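Taking my numbering, the leading residue of the sequence shown gets 4, the next gets one more, and so forth.
Read the structure below first, then the notes.
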Amino acid sequence: MKFHRICVLGGSGFVGSAIVQALAAQGRHVRVLTRNRERSKDLILLPTVDVVECNVHDQAELNRQFSGMDAIINLVGILHESRPGKIINSESGSGDYFENHIELPRKILMAITANSIQRLLHMSALGANVNSRSAYQRSKAYGEHWIKAAAQPADRNGAEITGFVRGYRLYPTIFRPSVIFGRGDSFLSMLTGLVKMLPIIPLAQAGTRFQPVWVEDVAGAVVDALDNPDTFGASYNVCGPSVYTLRELVEYVARTVNVTPHIISLNRRLSYLQAAMMELVPGKKLMTRDNFYAMLSDNVCDGEYSAPPDFRPSPLEAIAAEYLNGSTPRGRYTAFRGRAGR
Ligand SMILES: NC(=O)c1ccc[n+]([C@@H]2O[C@H](COP(=O)([O-])OP(=O)(O)OC[C@H]3O[C@@H](n4cnc5c(N)ncnc54)[C@H](OP(=O)(O)O)[C@@H]3O)[C@@H](O)[C@H]2O)c1
4 MKFHRICVLG GSGFVGSAIV QALAAQGRHV RVLTRNRERS KDLILLPTVD VVECNVHDQA
64 ELNRQFSGMD AIINLVGILH ESRPGKIINS ESGSGDYFEN HIELPRKILM AITANSIQRL
124 LHMSALGANV NSRSAYQRSK AYGEHWIKAA AQPADRNGAE ITGFVRGYRL YPTIFRPSVI
184 FGRGDSFLSM LTGLVKMLPI IPLAQAGTRF QPVWVEDVAG AVVDALDNPD TFGASYNVCG
244 PSVYTLRELV EYVARTVNVT PHIISLNRRL SYLQAAMMEL VPGKKLMTRD NFYAMLSDNV
304 CDGEYSAPPD FRPSPLEAIA AEYLNGSTPR GRYTAFRGRA GR
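Now the structure itself:
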C-alpha cells in the first residue's frame, strides 16, 4: 500500500516542518493545513506542497480539506493553554487542551470517515496518561483513546464514534515522543537562553529524567511508518538513545555554550511555587503548574510500548552542540567568518 496524497495538520510547526520536508523529498503530494499561511513560507516553496489556510476545528472545512487525500498526519498540539479548561474524559471537558488534543482528533476521525481515508498517523506524547495530574498528559491520553477506538474492527467499536461507518476500516499509528530537540526546538533553546542569562539557576524538578529524541529521527519514523503495514494499528514510544536528568541537560547545555551557572535543585514544594509564579508572568510561558505536574514522572521510554520498527536514534551530543553554539554570538561570528572564507 502506498499513500501519495497526504494532508498534514500542524505541518507548519517544529516537528511538522521536518515531516513535510521529508515527505516532499520523496515526491509525495502534501496539503498542509494552517491558521496562518504566511508563517509557513519555507514550506510554500516546496514543489509538491500546498499550504492551505483554514480552521481545522470546523468540521465542514475539515471534511472539505480531506477530500482527495490518501492519508492524514495529525501533529496539532499545544504545551500551554491560553484558555484554560477542564479535562473530564474523552467526551467532556473545556479549554484549549480539550479542543486541540481530544475534540480535534475526534473531528479528524469523522472527516476521515466522510472521505473514506484509510490511513492516519497521530502525534501524541510520552507520558500521556488518563491518571496523570497534568491536564496536558490526560488530554493527550484521551486523544489517543479516540484513535485507538477507531483502530478496533468497526463492527465492534466503530459505532462509538459519531458518524463512523460500520464495516469501514482505518489503519492508525500513534507516536509518543519524549522531548524533541533540533534546530528551532523550544526545549534545549529555552535552557540555552536560561544558562546564558542567569548566573544562578533555581531548577524545578531537576531530577526528572528525559530521553530527548532528534526531530529528524522523529520525522523519519513517521515517514517510514506511512506505508509500512507492520505499523498499522500500533502505538510507539519514541526516545533518543540516552536518559538525562533535567539537571544533566542544563549542565550539558551550559558546557556547550561555555558558561558556568550555579544550579540549585529545588525541592518539590519550591518547584511547585516556582511554576505557579512563572505562570503569572505575561507573554510566552517558560513553565506552568501543569508542566510541574507532568514533570512529577520521568519522561523516558519504559517498555509500555516498543520503539518504531528499525528505529536507530542519534545521540544528542552529535547534533545539539552545532546548533546551540550557532546561537551564541561567538558561534555566529565563526559561522560568518566561515561563510566569508576567512
Ligand atoms: N516538541 C516536543 O518536544 C514534543 C514532545 C512530545 C510531543 N510533541 C507533540 O508533537 C506535535 C508537534 O509538536 P511541535 O513541537 O512541532 O509543536 P509546534 O511547533 O508548536 O507546532 C504545533 C502545530 O500545531 C498547530 N496548532 C497549534 N495550536 C493550534 C490551534 N489552536 N488550532 C489549530 N492548530 C494549532 C500549529 O499550526 P498553525 O500555527 O500552522 O495553525 C503548529 O503547526 C504536538 O502534538 C506535540 O504535542 C512535541
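The beta carbon of each residue, even a glycine, is placed where N, CA and C say it ideally should be.
The structure presented is a predicted model; accordingly, all values stated were derived computationally and were not measured.
Cross-strand partners of residue i (DSSP beta bridge)
i, result
"H125", "N77 and I177"
"P205", "I267"
"R212", "T248"
"F184", "W217"
"R34", "C10 and D53"
"G96", "I90"
"Y239", "F178"
"N302", "F213"
Integer-rounded CB distance, given that residue j should sit under 8 Å from residue i
i, j, result
"H125", "N77", "5 Å"
"L26", "V253", "Rounded, the Cβ-Cβ distance is 34 Å, inconsistent with contact."
"P205", "L269", "5 Å"
"R172", "F6", "Actually they do not touch by this definition, with Cβ atoms about 15 Å apart."
"P264", "L191", "No, P264 and L191 are not in contact; Cβ-Cβ is about 15 Å, not under 8 Å."
"Y100", "A138", "5 Å"
"N328", "V262", "About 12 Å; that fails the 8 Å criterion."
"N294", "A278", "6 Å"
"Y247", "R212", "7 Å"
"E56", "R38", "7 Å"
Candidates the options: closest to residue i by CA position
i, options, result
"Y308", "S135, G80, S189 and R179", "R179"
"D301", "F314, E147, K151 and S181", "S181"
"S245", "V218, S317, S20 and S119", "S317"
"A21", "E56, W217, V284 and L299", "W217"
"V18", "R86, G223, I9 and M281", "G223"
"A128", "A324, R272, Y239 and E251", "Y239"
"A117", "N294, P311 and A63", "A63"
"V284", "Q24, L65, S189 and S85", "S85"
"V198", "E94, L249 and L48", "L249"
"N92", "F235, G16, V133 and L289", "V133"
"W149", "D220, I90, I111 and L299", "I111"
"V52", "S15, Y100 and D61", "S15"
"Q29", "L12, V35, Y326 and P50", "P50"
"P312", "V221, D188 and A324", "V221"
"S274", "R258, G210, K287 and G306", "G210"
"N66", "L299, R186 and C10", "C10"
"A228", "M298, A152 and F314", "F314"
"I203", "R186, D188 and I266", "I266"
"S119", "I90, S189 and G71", "G71"
"S189", "S95, K287 and M298", "K287"
"A152", "M193, E94, G187 and D61", "E94"
Pair within 7 Å by beta-carbon distance, residue i and residue j
i, j, result
"T195", "V256", "yes"
"A131", "A144", "yes"
"Y296", "R136", "yes"
"M4", "D233", "no"
"D368", "R31", "Only positions 4 to 345 of the chain appear in this structure, which leaves residue 368 out of reach."
"R40", "V54", "yes"
"C242", "Q214", "yes"
"H104", "T291", "no"
"G146", "P87", "no"
"G236", "A154", "yes"
"M280", "L289", "no"
"L46", "L12", "no"
"F184", "A323", "yes"
Closer than 6 Å: residue i CB and nearest ligand 1 heavy atom
i, result
"R38", "yes"
"N302", "no"
"F17", "yes"
"V59", "yes"
"G243", "no"
"I183", "yes"
"P349", "Coverage of the chain is limited to positions 4 through 345, which leaves residue 349 absent and any answer about it impossible."
"A128", "yes"
"N349", "Past the boundaries of the shown model lies residue 349; the chain is included only from 4 to 345, so the question cannot be answered."
"V246", "no"
"G71", "no"
"N103", "yes"
"L197", "no"
"R13", "For the sequence presented, residue 13 should be read as Gly rather than Arg. Flag set: Cβ of G13 near ligand 1."
"V79", "yes"
Residue-chain proximity (residue i, chain C), Cβ-Cβ < 7 Å
i, result
"I105", "The chain inventory of the structure shown lacks chain C, comprising one protein chain alone."
Contact test: residue i Cβ vs ligand 3 heavy atom, cutoff 6 Å
i, result
"V52", "Because ligand 3 does not appear in the structure shown, any question about it cannot be addressed here, the ligands present being ligand 1."
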